[in-house]
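This report concerns only the one structure given below.
Protein chains in written order, with our numbering: chain A, 10 to 314; chain B, 2 to 267.
Below, the structure is given as structure tokens:
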């Protein structure tokens, strides 16, 4: 159906071109560079890696360039338990916290969807404010609560529940708590979006047919909210695997996570090639979930398919 | 309506959920007015920490840098993101669509350390001097997709026949976009701008990777002092940032309501 308003082929590039080129240059191309530098070696130079891309078409310099590339950094990653530990604990912490988020977020999202229609926009606004509040500030708030001189320890001491302050800050438990807190709005909002759209008549039908409220919940409400569950799980799991701020501020020296490893290889050890190798590994681990997230977004925004 | 009652369990979940989300923030806000320097001991109401913020020159400098980066990057992201949304809704199945949507949605969930590192390595490879402009480019890349999602949702709802009518009356596509489409999606474009601004103003990780000397943003400054511990001064700075987010979101919500009124108009 080609109506008169359909932009013609040539003029399309004036609209599509700028965002397309921007993303190709500043999102896609950098990955090629990361891949290349992950195959380079660290050097005491500016920039701190070798070999550098030859800015000429001289075949000899390109041959030397390719020969200088190697898989040394990946072998370092594979050989060191530290990196295995970081990868395993990132993935397991992300899996555990995402499940916890679903368990905590679902009842809240359901309650929002069941609230009186007049209340719903207010409740959504309350969750959205925390969604957009800086992650740094929200993690910082927990430092004040969990610290040795913090609110929690003072309250427990005052109640006589403990004799001396507990070490909660800088433990893995604090990281788990911080991640659940930081990502809860990311779980609640997609769940709410799919629960709110559900037709109440379906539950009435289930109860007319003799289903108990519990049975109706598991056989009607939950299956129908599956798109929201999938979106919420992906929206939390993917960034948590690479999370940096929470383990850095709430974790201790034993808290190993990929995001923090990448950060310290880059900023503390100035080993750009190794940091790049960590980034490549993380991207490979997350490609599947990211593609699934894109497909979920497309289904949500383009219902006509 | 028996199936959709609001039960005591719903009430409990909602109450506990909102308390969990808000008590930590409320403590930060309340203790920014604490007269005492101690973290968790109330020493009477005082605004002294706001006074010392005003006297803190590096902090004001960082806030100004963050503000300028946020304005520029969200303006760029709004133009590019709106164009992307228009292309996705109106152009049908163009050839590079799969690649395009992939590049568009990936930055929204990609761990920020990966995006930050890869952008930095690009800037180094291109020989760009790191600072104000590189952070602006990084934030534009991050926030572009958020604008697209907001505008795309509005464009999808839009009655296509209005644009067709403009074209039938002889308006060239650019003119039809300017006089018909843009005014109708303007509230969504405005909301997208505010969301992009908020994201940029809050960002720590991308800025840390792509910034250089002389371009310290407010989150970078807060982060370096937070690592040393909790102080009432940071509480005051946090309270101001939370206040800013609430104002921006309020403005974005007001813009969306504007859209509702237009929808109801004949």
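Yeah, the Cβ is synthetic: ideal placement off N, Cα and C, and Gly gets one too. Only a predicted model underlies this, so the values are computations on that prediction, with no experimental measurement involved.
Could you confirm whether any beta carbon from chain B is found closer than 7 Å to the beta carbon of residue i?
| i | result |
| --- | --- |
| residue 143 of chain A | yes |
| residue 159 of chain A | yes |
| residue 120 of chain A | yes |
| residue 192 of chain A | no |
| residue 24 of chain A | yes |
| residue 263 of chain A | no |
| residue 40 of chain A | yes |
| residue 226 of chain A | no |
| residue 195 of chain A | no |
| residue 52 of chain A | no |
| residue 282 of chain A | no |
| residue 302 of chain A | yes |
Counting only C-beta atoms, is residue i closer than 7 Å to chain A at any point?
| i | result |
| --- | --- |
| residue 35 of chain B | no |
| residue 70 of chain B | no |
| residue 104 of chain B | yes |
| residue 108 of chain B | yes |
| residue 158 of chain B | no |
| residue 11 of chain B | yes |
| residue 186 of chain B | no |
| residue 152 of chain B | no |
| residue 147 of chain B | no |
| residue 30 of chain B | no |
| residue 1 of chain B | Since the first and last residues shown for chain B are 2 and 267, residue 1 of chain B lies out of range. |
Determine the DSSP secondary structure at residue i, reduced to helix, strand or coil.
| i | result |
| --- | --- |
| residue 55 of chain A | coil |
| residue 179 of chain A | coil |
| residue 205 of chain A | helix |
| residue 69 of chain A | helix |
| residue 81 of chain A | helix |
| residue 50 of chain A | strand |
| residue 46 of chain B | strand |
| residue 57 of chain B | coil |
| residue 278 of chain A | coil |
| residue 184 of chain B | helix |
Can you name, in chain order, every residue of its own chain whose Cβ lies under 7 Å from the Cβ of residue i, other than the five neighbours on each side?
| i | result |
| --- | --- |
| residue 164 of chain B | 177, 181, 182 |
| residue 191 of chain A | 144, 147, 148, 255 |
| residue 106 of chain B | 146 |
| residue 282 of chain A | 46, 47, 49, 50, 51, 58, 82 |
| residue 44 of chain B | 35, 36, 37 |
| residue 115 of chain A | 200 |
| residue 280 of chain A | 51, 274 |
| residue 216 of chain B | 66, 132, 133, 136 |
| residue 191 of chain B | 256 |
Out of the options, which has the shortest C-alpha to C-alpha gap to residue i?
| i | options | result |
| --- | --- | --- |
| residue 85 of chain B | B:193, B:241, B:254 | B:193 |
| residue 267 of chain A | A:245, A:294, A:207 | A:294 |
| residue 197 of chain B | B:78, B:26, B:57 | B:78 |
| residue 97 of chain B | A:73, A:277, A:30, A:131 | A:30 |
| residue 292 of chain A | A:47, A:24, A:26, A:21 | A:47 |
| residue 99 of chain A | A:89, A:302, A:246, A:304 | A:246 |
| residue 252 of chain A | A:161, A:101, A:197 | A:101 |
| residue 110 of chain A | A:150, A:241, A:139 | A:241 |
| residue 250 of chain A | A:203, A:105, A:304 | A:105 |
| residue 227 of chain B | A:156, A:262, A:26 | A:156 |
| residue 1 of chain B | B:245, B:179, B:161 | The question about residue 1 of chain B has no answer, for chain B in this structure spans 2 to 267. |
| residue 257 of chain A | A:175, A:169, A:151 | A:151 |
| residue 7 of chain B | A:62, A:78, A:125, A:35 | A:125 |
| residue 135 of chain A | B:256, B:257, B:246 | B:246 |
| residue 204 of chain A | A:122, A:287, A:223, A:298 | A:122 |
| residue 34 of chain A | B:157, B:116, B:239 | B:116 |
| residue 108 of chain B | B:200, B:19, B:238 | B:200 |
| residue 179 of chain B | B:119, B:233, B:14, B:83 | B:83 |
Residues in its own chain within less than 6 Å of residue i by CB, not counting five upstream and five downstream?
| i | result |
| --- | --- |
| residue 102 of chain B | none |
| residue 159 of chain A | 153 |
| residue 227 of chain A | none |
| residue 112 of chain B | none |
| residue 236 of chain B | 29, 32, 33 |
Excluding the 5 residues flanking residue i on each side, which residues of the same chain have their C-beta closer than 8 Å to its C-beta?
| i | result |
| --- | --- |
| residue 221 of chain B | 63, 205, 208, 209, 212 |
| residue 13 of chain A | Since pLDDT at residue 13 of chain A reaches only 42, below the 50 mark, its modelled position is unreliable, and the value read off the structure follows with that caveat. Excluding positions up to five away in sequence, the list is empty. |
Closer than 7 Å, CB to CB, is residue i near chain C or not?
| i | result |
| --- | --- |
| residue 223 of chain A | Absent from the structure is chain C; the protein chains it does hold are A and B. |
Review point. Between the region 121-139 of chain B and the region 22-35 of chain B, do three or more beta carbon pairs fall short of 8 Å?
Key: no
Check your understanding: With a cut-off of 8 Å, do at least 3 Cβ pairs link the region 115-134 of chain B to the region 149-156 of chain B?
Key -> no
Practice item. Evaluate contact between the region 25-39 of chain A and the region 118-132 of chain B, counting only Cβ atoms and requiring at least three cross-stretch pairs below 8 Å. Key: yes
Practice item. Would you check if there are 3 or more beta carbon pairs closer than 8 Å linking the region 258-266 of chain A to the region 64-74 of chain A? Key: no
Review point. Can you find at least 3 beta carbon pairs, one from the region 168-177 of chain A and one from the region 45-60 of chain B, that sit closer than 8 Å?
Key: no
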